[in-house]
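K.L.:
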Amino acid sequence: MTASKANPHMAGRDYYEVLGVPRGASLDDIKSAYRKLALRHHPDRNPGDAQAEARFKELAEAYEVLSDPEKRSLYDRYGEAGLKGVRHGAFTTVDEIFSMFGDVFAGFPGFGGLGDFFGTGGRGRRRGRRGQSRRLQFELDLIEAARGVTRTVVYERMEPCEACSGSGVEAGHRRETCPQCGGYGQVETTRGFFRMRTTCPACAGRGEVNRHPCAECRGSGLTVRKRELTVTIPAGVDDGMEFVRSGEGDLGPEGGFPGDLYLLVRVKSHPLFDRRGRNLYCRVPLTFAQAALGATVPVPTVDEEAAEVTVPKGTQPGTVLRLRGRGMPDLETTRRGDLLVEVTVEVPRRLSQEQRRLIQELGELEGERPGPVRRGFLDKLRELFGQENQ
């Protein structure tokens, strides 16, 4: 739809051209055009775009004039000059536009009612404030973090007051239209040649006043209640991760959107495992005989059963053996890391006579035939002292 040519008496902007409608457009056509263009240039859809915000305000100014029969008639006859002395335009903030024209967007398809999209709902009345978010700390052990867990958490949040059904008004009464702003939520003041619109101080921009607040909730419409919630923590979660359950925080006053619930996960340290990303490290002590002769030994896992690792003969302390796929699962791919087994050799502190005798015999044999590591060390030692004696 294209706009017709402007009236020759007009000076300044052509409001019909701004909205893209002909001069004979019906009120429904004007409202539809404004709604469509306002959505396109809405500041929330164009964050940081000063041109979009300026266009949004221009559209609102055009709509204010063309949607009012008296203002439109004056504009059609005399252009902007005919509006002098008549309250119109001069929108300085986006909130002023939402306050005046929020009802234009109510029930818009695809947005669940654009009165909510703009934070408004009806004649200048704002939707209630968003509720506060709640935070809980969720403590797990490493085994639970590896397998995932479902728990029921109990916490407190603000919910609608039963005494007043969340209205904040004492039974038998209702809110009244604010006498200071007439329900618009905005008041206009004039200073010289300038007119300014500000939030109404009497109703804080709500357009209504509560002269009979509920005694139970003191007019807030909310009271503290305990809530039980079943939460599922996926396998592979790590310490410090935070999960969000949307809408499970405090309900907002006066029908405002609820806040969220943030679950901070704390994973306790484990006596056997050290987590490093998806991999797990575990130190397994061996006897000298197991390390020297080789063995198959059991090792712990985060699964429901233990695993076995084969220790090759001659394994040295500090050797790391890898069990693939026995570590922590990845949150996104569910693929598991590895279990890295670090071998240590335990030296007995107390020996029986038989053990002492056998170890002494072994020591004598080792002295006659030292291993390659010890032999290399002894060679370097002789070389060092041999040089000093020259």
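In my numbering, the protein residues as written are 918 to 1307. A virtual CB, placed ideally from N, CA and C, is assigned to each residue, including glycine.
Taking the CB atoms as reference points, tell me whether Leu1178 and Glu1159 lie closer together than 7 angstroms.
P.N.:
On the sequence shown, position 261 is the one that residue 1178 refers to. On the sequence shown, position 242 is the one that residue 1159 refers to. Going by C-beta atoms, Leu1178 is not nearer than 7 angstroms to Glu1159.
K.L.:
Tell me where the beta strand (DSSP E) around Arg1200 begins and ends.
P.N.:
Walking along the sequence shown from the start, residue 1200 turns up at place 283. Element bounds for Arg1200: Asn1196 to Leu1203.
K.L.:
Quick check: the Cα distance between Gln1054 and Leu1180, rounded to an integer number of angstroms?
P.N.:
Position 137 of the sequence shown, counted from the start, is the residue given in the question as residue 1054. Position 263 of the sequence shown, counted from the start, is the residue given in the question as residue 1180. Going by the C-alpha atoms only, they are around 6 angstroms apart.
K.L.:
How many Å lie between Gly965 and Asp946 at the Cα?
P.N.:
Within the sequence shown, numbered from 1, the residue matching residue 965 stands at position 48. Within the sequence shown, numbered from 1, the residue matching residue 946 stands at position 29. Taking the straight line from one Cα to the other gives about 30 angstroms.
K.L.:
Pop quiz: Arg1195 and Gly1254 are said to be a contact at Cβ under 8 angstroms. What is the actual Cβ separation, rounded to whole angstroms?
P.N.:
Taking the first residue of the sequence shown as 1, we reach residue 1195 at position 278. Taking the first residue of the sequence shown as 1, we reach residue 1254 at position 337. At roughly 3 angstroms, the Cβ-Cβ gap stays under 8 angstroms, so Arg1195 and Gly1254 are in contact.
K.L.:
What beta strand (DSSP E) runs, 3 residues minimum, are completely inside the segment 1149-1190?
P.N.:
Here the runs fully enclosed are 1159-1162 and 1178-1184.
K.L.:
Taking only the alpha-carbon atoms, compute the straight-line gap between Arg1047 and Cys1081 and give it to the nearest angstrom.
P.N.:
Taking the first residue of the sequence shown as position 1, residue 1047 is located at position 130. Taking the first residue of the sequence shown as position 1, residue 1081 is located at position 164. Rounded to whole angstroms, Arg1047 to Cys1081 spans 20 angstroms at the Cα level.
K.L.:
Alpha carbon to alpha carbon, how far is Val1264 from Tyr1072?
P.N.:
Taking the first residue of the sequence shown as 1, we reach residue 1264 at position 347. Taking the first residue of the sequence shown as 1, we reach residue 1072 at position 155. Spanning the two alpha carbons is a distance of roughly 52 angstroms.
K.L.:
What whole-angstrom Cβ distance do Gly1235 and Glu1271 have, given they're in contact under 8 angstroms?
P.N.:
For this step, residue 1235 is matched to residue 318 along the sequence shown. For this step, residue 1271 is matched to residue 354 along the sequence shown. In fact, because the Cβ distance is near 30 angstroms, the residues do not count as touching under 8 angstroms.
K.L.:
Could you say if the segment 1165-1175 and the segment 1205-1218 meet the contact criterion of at least three C-beta pairs nearer than 8 angstroms?
P.N.:
Output reads no: the segment 1205-1218 does not touch the segment 1165-1175.
K.L.:
Any contact between the segment 1090-1104 and the segment 1114-1126? By contact I mean 3 or more CB pairs, one from each, below 8 angstroms.
P.N.:
Yes, they touch.
K.L.:
Taking 7 angstroms as the threshold (C-beta atoms), are Val1226 and Val1216 in contact?
P.N.:
Taking the first residue of the sequence shown as 1, we reach residue 1216 at position 299. Taking the first residue of the sequence shown as 1, we reach residue 1226 at position 309. Yes, they are a contact pair.
K.L.:
Using 7 angstroms as the threshold, is the C-beta distance between Gly1124 and Cys1095 below it?
P.N.:
Stepping through the sequence shown from its first residue, residue 1124 is reached at position 207. Stepping through the sequence shown from its first residue, residue 1095 is reached at position 178. Closer than 7 angstroms, so yes.
K.L.:
Would you kindly report the start and end of the unbroken beta strand (DSSP E) that includes Ala1212?
P.N.:
Counted from its first residue, the sequence shown places residue 1212 at position 295. From DSSP, the beta strand (DSSP E) with Ala1212 extends over Ala1212 to Val1216.
K.L.:
How about Gly937 and Ala950: do their beta carbons lie closer than 7 angstroms?
P.N.:
Your numbering for residue 937 matches position 20 in the sequence shown. Your numbering for residue 950 matches position 33 in the sequence shown. In this structure, Ala950 lies closer than 7 angstroms to Gly937 by Cβ.
K.L.:
Whose CA, out of Gly1176, Pro1130 and Ala1132, lies closest to the CA of Arg1052?
P.N.:
Position 135 of the sequence shown, counted from the start, is the residue given in the question as residue 1052. Arg1052 has its Cα closest to that of Gly1176, out of Gly1176, Pro1130 and Ala1132.
K.L.:
Report all residues from its chain with a CB closer than 8 angstroms to the CB of Leu1312; omit the five preceding and five following residues, and keep chain order.
P.N.:
Shown here, the chain extends from 918 to 1307; a query on residue 1312 therefore has no answer.
K.L.:
Could you check if Ser1269 is buried or exposed, using at least 16 other CB atoms within 10 Å of its CB as the buried criterion?
P.N.:
If you number the sequence shown from 1, residue 1269 lands on position 352. Answer is exposed; the Cβ neighbour count stays below 16.
K.L.:
Helix, strand or coil, according to DSSP, for Val1219 in the structure here?
P.N.:
Here residue 1219 corresponds to residue number 302 of the sequence shown, with the count starting at 1. Reduced to three states, the DSSP call for Val1219 is coil.
K.L.:
Helix, strand or coil for Gln1097 per DSSP?
P.N.:
Locating residue 1097 in the sequence shown gives position 180, where the first residue counts as 1. The answer is coil: DSSP assigns Gln1097 none of H, G, I, E or B.
K.L.:
Pull up the distance between the alpha-carbon of Gly1280 and that of Phe1205, whole angstroms please.
P.N.:
Position 363 of the sequence shown, counting from 1, holds the residue named residue 1280. Position 288 of the sequence shown, counting from 1, holds the residue named residue 1205. Using only the alpha carbons, I get a separation of about 13 angstroms.
K.L.:
What does the Cβ neighbour count give for Val1161, buried or exposed, with the cut at 16 atoms within 10 Å?
P.N.:
Stepping through the sequence shown from its first residue, residue 1161 is reached at position 244. Its Cβ having fewer than 16 others within 10 Å, Val1161 is exposed.
K.L.:
On a Cα-Cα basis, can you pick out the residue from Leu1189, Leu1301, Arg1273 and Gln1233 that is closest to Pro1289?
P.N.:
As a position in the sequence shown, residue 1289 is number 372, starting the count at 1. For the residues Leu1189, Leu1301, Arg1273 and Gln1233, the minimum Cα distance to Pro1289 belongs to Gln1233.
K.L.:
With Glu1087 as the anchor, note down where its beta strand (DSSP E) starts and where it stops.
P.N.:
Stepping through the sequence shown from its first residue, residue 1087 is reached at position 170. Element bounds for Glu1087: n/a, residue is neither H nor E.
K.L.:
What separation, rounded to the nearest whole angstrom, lies between the Cα atoms of Arg1092 and Glu981?
P.N.:
Mapped onto the sequence shown, residue 1092 falls at position 175. Mapped onto the sequence shown, residue 981 falls at position 64. Distance between the alpha carbons of Arg1092 and Glu981: 27 angstroms.
K.L.:
Does DSSP classify Glu1056 as helix, strand or coil?
P.N.:
As a position in the sequence shown, residue 1056 is number 139, starting the count at 1. The answer is strand: DSSP assigns Glu1056 an E or B state.
K.L.:
In whole angstroms, give me the CA-to-CA distance for Lys1143 and Glu1249.
P.N.:
By one-based count along the sequence shown, residue 1143 stands at place 226. By one-based count along the sequence shown, residue 1249 stands at place 332. Approximately 33 angstroms, taken between the alpha carbons.
K.L.:
Hey, how far is the Cα of Thr1069 from the Cα of Cys1098?
P.N.:
Reading the sequence shown from its first residue, position 152 is the one you call residue 1069. Reading the sequence shown from its first residue, position 181 is the one you call residue 1098. Spanning the two alpha carbons is a distance of roughly 48 angstroms.
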